[in-house]
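Peer 1: For reference, the structure I am asking about is given below.
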Amino acid sequence: MKKCFGKKIAILLIMAVLLEVTEPVTGPVSVLASSETRDKINKTEKEKEDLENNLDQTQQNLDVLEGERDTLEKELAYLNAKMKEIVGKLDELERQIREKEQEISDTQAALEEAKKTEEWQYESMVAIVRCMYEQQESNYLSSLFTVGSLAEMLNRADYIEKTVAYEQKMLKEYTENRILIEEQEERLQQEKVDLGNLHLLAEEEKNKISGLIGETAKSITKYADDIYDAEKKAREYEAAIKKKEEDLDYLNKKLAEEIALSKAAANAAWRDISEVNFSEDDRYLLANLIYCEAGGEPYEGQLGVASVVINRVLSSQFPDSVVGVIYQDRQFSPVASGRLDLALSTNMATDKCYKAADEAMSGITNVGNRVFFRTPIPGLTGLNIGGHVFY
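Following the numbering used here, the numbering of the sequence shown begins with 9 at its first residue and continues without gaps.
Dropping the structure here:
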C-alpha cells in the first residue's frame with residue numbers, strides 16, 4: 009500500500025517537473041480551430057475562391073459570346089434586308105420577263121398575221137399582173153377598145169395602172185411592216201435573254217446570300233448554345249459558391265463552438281490520471297493514431313499528439329475514454345479518411361509511437377493541458393513542436 013502511494017507521489021513529482029519545463033498556460037489561448045476544422049475551412053475558402061475565379065472567367069466568356077452573337081445578329085439583319093432586296097429584284101425581273109414573253113408572243117402573232125397579209129398581197133398582185141401582162145396583147149387591147157369612148161378607154165387604162173401601183177405599194181408596206189415586226193421580235197428576244205441573264209445573276213446572289221444567312225444563323229445558334237452552356241455553368245458556379253458560403257458559415261459556427269470548447273476545457277474540471285484505467289487496446293489504438301498524425305515528426309511532436317488525446321480523456325469537456333476521444337465525430341482527420349483503420353489493420357505504429365503512448369498514459373505531457381493541435385497557420389498562437397502548434 010505504501011509502495012503504491014509512493015509511486016503516485018513520484019508520478020506527481022515528475023508531472024510537476026515537466027509542467028515547469030514546458031510553456032505555462034497563462035490564461036485563455038488564442039484559438040482558431042481544431043486541425044480538421046481549420047483544414048476544412050481553408051479548403052472550403054480555397055474552393056470558394058477557385059469557384060469565384062471560374063465564375064469571373066465564365067462571365068467574361070459569356071460577355072464575349074454575347075458580343076459576338078450581337079454582331080452576328082446585326083450581320084444577319086443586314087443579310088435578311090439584302091435578301092429582301094434581292095427577292096424584290098427577282099420579283100421585278102420575273103414580272104418583266106413575263107411581260108416580255110407576252111410582248112414576244114403578241115409580236116409573234118402579229119408577225120404571223122403580217123406574213124399572211126404580205127403573202128396574200130403578193131399573191132393578189134401577182135394575179136393582177138399575170139392577168140394584165142401575161143394575157144395576149146389583143147385581149148388586153150380588145151378590153152380597152154370595148155369601151156364606148158376614148159375617155160373611157162383612157163380612164164380604164166389609168167385605173168389599171170393605178171391598181172397595179174396600189175398593189176405594189178401595199179405589198180411594199182406589208183413587206184416593210186413584216187420586217188419591222190421581225191426586228192421587233194429579234195429585239196424582244198434579246199431583251200428576254202438579257203432579262204434572263206439578270207435573273208440568273210440575281211438568283212446566284214440570292215443563293216449566295218441564302219448560304220450566308222444559313223451559316224450566320226448556324227453560328228448564332230451555336231453561340232446561343234455556347235451562351236446557354238456558359239450561363240448554365242455560371243449558375244452552377246453561383247450555386248456552388250452559395251453552397252461553399254453555407255459550408256463556411258457552418259464551419260465558422262463550428263469553429264466558434266470549438267473556440268468556446270477550448271476555453272471551457274482550460275477552465276473546466278479535470279480528472280487525475282490515476283482515475284483512468286487504460287487497456288492494451290487503448291495503447292494499440294493511441295499508438296497508431298500517433299503514427300497517422302505525427303509519424304514523421306520528432307519524438308517530442310509524437311508525445312504532444314499523445315498528450316492532447318489523454319488531456320481530452322481527462323477533461324470533462326470531452327469523452328472519458330481513449331476510444332471515445334479518438335472516434336469522436338469529426339475530430340481527427342485519419343479517422344474520417346480511413347488512414348487510421350489501415351494503420352490498425354497492419355499495426356503501422358513504430359516503437360517511438362508506442363513509447364509516446366505509454367508516457368502519455370502514464371501522465372507525462374509536454375503540452376500542458378492543451379486539447380488541440382494542427383499545422384501552424386497565421387494568427388494561431390500556442391506551443392510549437394515540430395510541424396504542429398498545440399493550443
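Beta carbons: idealized from backbone N, C-alpha and C, even for Gly.
Since the model is a prediction, treat every value here as computed from it, not as a measurement.
#1: Consult DSSP for I318 and reduce its assignment to one of helix, strand or coil.
#2: From what residue to what residue does the alpha helix (DSSP H) around N296 run?
#3: Going by alpha carbons, who is nearest to K294 out of D366, A272, G304?
#4: Work out the CA separation of N69 and E83 for me, nearest whole Å.
#5: Less than 6 Å between C-beta atoms, sequence neighbours within five positions excluded: which residues of the same chain meet that for A357?
#6: Secondary structure at V331, three-state DSSP: helix, strand or coil?
#7: Which class does S270 belong to by DSSP, given the choice of helix, strand or coil?
#8: Can you check which of these residues, L59, S324, V379, A232, is closest to E244 by C-alpha distance?
#9: Just how far apart, CA to CA, sit D290 and K252?
#10: Can you find the residues in the same chain that come closer than 6 Å, C-beta to C-beta, to N185, ignoring five residues on each side of it along the sequence?
#11: Quick one: what's got a C-beta closer than 8 Å to I217's C-beta in the same chain, skipping five residues either side?
#12: Thinking C-alpha only, which one of Q192, K180, T45, K230 is nearest E76?
#13: Quick check: E190 and L119, are their CB atoms within less than 8 Å of each other?
#14: For N392, which beta-bridge partners are listed by DSSP?
#15: Between which two residues does the alpha helix (DSSP H) harbouring P342 extend?
#16: If you reduce the DSSP assignment to three classes, tell me which class V379 lands in.
#17: For the region 302 to 311 and the region 268 to 288, state whether three or more C-beta atom pairs, one from each stretch, are separated by less than 8 Å.
#18: What residue from Q176, D78, E57 has the CA that sits closest to E131's CA?
#19: Nearest by alpha-carbon distance to E102: which of L208, V333, V343 is it?
#20: For V313, which residues of its own chain have a beta-carbon under 7 Å away from its beta-carbon, when the five flanking residues on both sides are left out?
#21: Thinking just about the alpha-carbon of each residue, which of D359, R320, S324, T354 is nearest to the one in F340?
#22: Suppose you measure from the CA of L352 to the CA of R279; what does that come to, to the nearest Å?
#23: Go to E367, then tell me how far its alpha helix (DSSP H) extends in each direction, as first and last residue.
#24: Could you work out which residue in N275, P342, Q336 is closest to R378 when comparing CA atoms only?
#25: If you draw a straight line from the C-alpha of E211 to the C-alpha of K97, how long is it?
#26: Take I228 and list the residues in its own chain whose beta-carbon comes closer than 8 Å to its own, dropping the five residues that flank it on each side.
#27: Exposed or buried, which one is L350 when buried takes at least 16 other CB atoms within 10 Å?
#28: Taking V331 as the reference, which of S324, Q325, I318 has the closest Cα?
#29: If you check the beta carbons only, do S315 and N374 fall under 8 Å apart?
#30: Report whether the distance from the Cβ of A118 to the nearest heavy atom of the ligand NAD is below 7 Å.
#31: Does DSSP put S323 in a helix, in a strand, or in coil?
#32: Are the Cβ atoms of Q197 and I112 separated by less than 8 Å?
#33: I'd like to know whether the C-beta atoms of K108 and K200 end up nearer to each other than 8 Å.
#34: Ignore the nearest five residues each way along the sequence and tell me which others in M241's own chain have a CB closer than 7 Å to its CB.
#35: Which residues in the same chain have their Cβ closer than 7 Å to the Cβ of I334, if we skip the five residues on either side of it in sequence?
Peer 2: According to the structure shown:
#1: helix
#2: Counting along the chain, the unbroken alpha helix (DSSP H) around N296 starts and ends at 288 to 302.
#3: The amino acid occupying residue 294 in the given sequence is Leu; Lys does not appear at that position. For the residues D366, A272, G304, the minimum Cα distance to L294 belongs to D366.
#4: 21 Å
#5: A295, N296, Y299
#6: helix
#7: The DSSP-derived three-state label of S270 is helix.
#8: L59
#9: Whole-angstrom Cα-Cα distance: 37 Å.
#10: A122
#11: L87, K90, M91, I94
#12: The shortest CA-to-CA distance from E76 to any of Q192, K180, T45, K230 is the one to K230.
#13: yes
#14: V397
#15: Taken as a continuous stretch (DSSP letters only), the alpha helix (DSSP H) holding P342 covers 341 to 345.
#16: coil
#17: no
#18: Nearest C-alpha to E131: Q176.
#19: Distance from the Cα of E102 is smallest, within the candidate group L208, V333, V343, for L208.
#20: I298, E301, A302, F381
#21: R320
#22: 28 Å
#23: Element bounds for E367: 359 to 369.
#24: When C-alpha distances from R378 are compared across N275, P342, Q336, the shortest belongs to N275.
#25: Straight across, the Cα-Cα distance linking E211 with K97 is about 10 Å.
#26: If we look at I228 and ignore the five residues flanking it on each side, its Cβ neighbours are R77, L80, E81, L84.
#27: exposed
#28: If you compare the alpha carbons of S324, Q325, I318 with that of V331, the shortest gap goes to I318.
#29: yes
#30: You won't find the ligand NAD in this model; it holds no ligand whatsoever.
#31: S323 falls in the strand class under three-state DSSP.
#32: yes
#33: yes
#34: The sequence given here places Lys at residue 241; Met does not occur at that position. For K241, where only same-chain residues beyond five positions count, the Cβ hits under 7 Å are T66.
#35: L293, L297, V317, F340, V343
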